[in-house]
Each structure stands twice: as C-alpha cells, then as structure tokens.
Amino acid sequence: MGNKVLAQKFIERIALLIKENENARNYFKEFINGLHKNINDSIDEGQTIEMLAQHMITRPVFDALFKEYEFVNNNAVSRSMQDMLRTV
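Just add 99 to the spot in the sequence shown (first one is 1) and you have my numbering.
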C-alpha cells in the first residue's frame with residue numbers, strides 16, 4: 100500500500116471520528132484554534148486532518164531516525180498533533 104493510499108485511509112478515519120465523536124470534535128476544534136494562533140490562521144479543517152494523517156505516517160520515521168532526541172516529545176507541534184491523535 101502506497102503512502103498516498105495510506106494517507107487517504109487515515110484522513111477518512113480521522114474525519115469520521117471527528118464527525119461521530121463529540122469529545123474528539125471538541126478537542127479537534129481546540130487543536131485548530133491552537134494552529135490558528137501558533138502557525139497560520141488560514142488553516143482549515145481539511146488541511147488539519149491531512150496534517151494529522153501525515154503525522155501518523157511520518158512519526159515512525161522520525162522516531163527511528165531520532166531515537167535519542169525523541170522528536171515527538173521535544174517538538175511542540177508534533178507533541179500537539181500526537182495529543183490530538185490520542186483523542187481520536
């Protein structure tokens with residue numbers, strides 16, 4: 100399975116969970132507000148979902164490449180995305 104297909108499956112799964120789960124939807128809204136404040140106020144829901152899906156695909160690579168650094172724990176954006184994914 101290519102990364103494009105995998106990303107699409109993650110996008111669909113995240114979107115469905117946000118739609119069906121009120122807790123996930125509320126956390127997702129908070130997550131987007133944080134992105135607006137800290138990165139770019141024009142990021143929309145679709146772009147945010149894609150970003151989360153990409154994070155799911157790339158995180159194992161970063162974990163393998165930067166074992167000593169613990170990229171997810173030391174990068175604020177990555178940590179925030181991981182927290183969001185824990186709720187969905």
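C-beta atoms are modelled at their ideal positions from N, C-alpha and C, and glycine is treated no differently.
I believe residue i touches residue j by the beta-carbon criterion, under 8 Å. Please report the beta-carbon distance rounded to the nearest angstrom.
i    : j    : result
L201 : M150 : With the chain represented from 100 up to 187, any question about residue 201 goes unanswered, as that position is not in the structure.
I131 : E111 : Not a contact, Cβ separation roughly 19 Å.
I148 : I113 : 5 Å
Terminal residues of the continuous alpha helix (DSSP H) containing residue i?
i    : result
K166 : From DSSP, K166 is part of no alpha helix (DSSP H); its letter is neither H nor E.
G133 : E121 to N137
Taking only the alpha-carbon atoms, compute the straight-line gap between residue i and residue j and give it to the nearest angstrom.
i    : j    : result
N238 : L164 : This structure leaves residue 238 out entirely; the chain is present only between 100 and 187.
T157 : V104 : 14 Å
I138 : E129 : 14 Å
H135 : G101 : 31 Å
K118 : Q181 : 19 Å
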